[in-house]
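J.: Structure in structure tokens, see below.
Residue numbers (this note's numbering): 116 to 265.
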């Protein structure tokens, strides 16, 4: 085959260090736009970016030119440095070390978009930890609770 054809939808989830509720409404949209810019620069078309005060959800198409681990390194490193410049209250901002990344069936893209768009509503009833456990269970990911949160 002479041409590489790829279409991998990825739902990425990662939180602030120690799940600090540090992403305020004042900066939320700007942070999401900045993350979208990083995705675009890396040819990982962002479909929707959302989240809550302590975490981020990104639904994107993973480029055939970059690995997931490279995308995550770029997203976290560049956005963390940038976020720290936005306000004195964010000078100690960090993302957690790990992340979750889950493949999405193209027929479920609209459901994932709605889920990400409605994050503030979801988190009136469910913590980030409970939400993340739900994803791990849905995707049958084996994990050790002791190592998920630090």
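C-beta atoms are modelled at their ideal positions from N, C-alpha and C, and glycine is treated no differently.
Since the structure is predicted, the reported quantities are computational estimates derived from the model, not experimental observations.
Looking at the strands, I want to know which residues DSSP matches up with residue 170.
T.: Locating residue 170 in the chain shown gives position 55, where the first residue counts as 1. Beta-bridge pairing links residue 170 to 130 and 167.
J.: May I ask whether a heavy atom of the ligand HEM can be found less than 8 Å away from the beta carbon of residue 131?
T.: The ligand HEM is absent from the structure shown, which contains no ligand whatsoever.
J.: Straight-line CA distance for residue 163 to residue 250?
T.: Within the chain shown, the letter at position 48 stands for residue 163. Within the chain shown, the letter at position 135 stands for residue 250. Looking at the two C-alpha atoms, the distance is approximately 18 Å.
J.: Could you check if residue 165 is buried or exposed, using at least 16 other CB atoms within 10 Å of its CB as the buried criterion?
T.: Here the question's residue 165 lines up with position 50 in the chain shown. Burial call: buried.
J.: Just checking, does the stretch 208-219 make contact with the stretch 171-191 on the three C-beta pairs under 8 Å criterion?
T.: Touching, yes.
J.: Name the DSSP beta bridge partners of residue 210, please?
T.: Within the chain shown, the letter at position 95 stands for residue 210. The partner list for residue 210 (beta bridge, DSSP) reads 131.
J.: Quick test of the definition: if touching needs 3 or more C-beta pairs under 8 Å, does the stretch 192-201 touch the stretch 138-155?
T.: Touching, yes, given that three or more Cβ pairs across the two stretches are closer than 8 Å.
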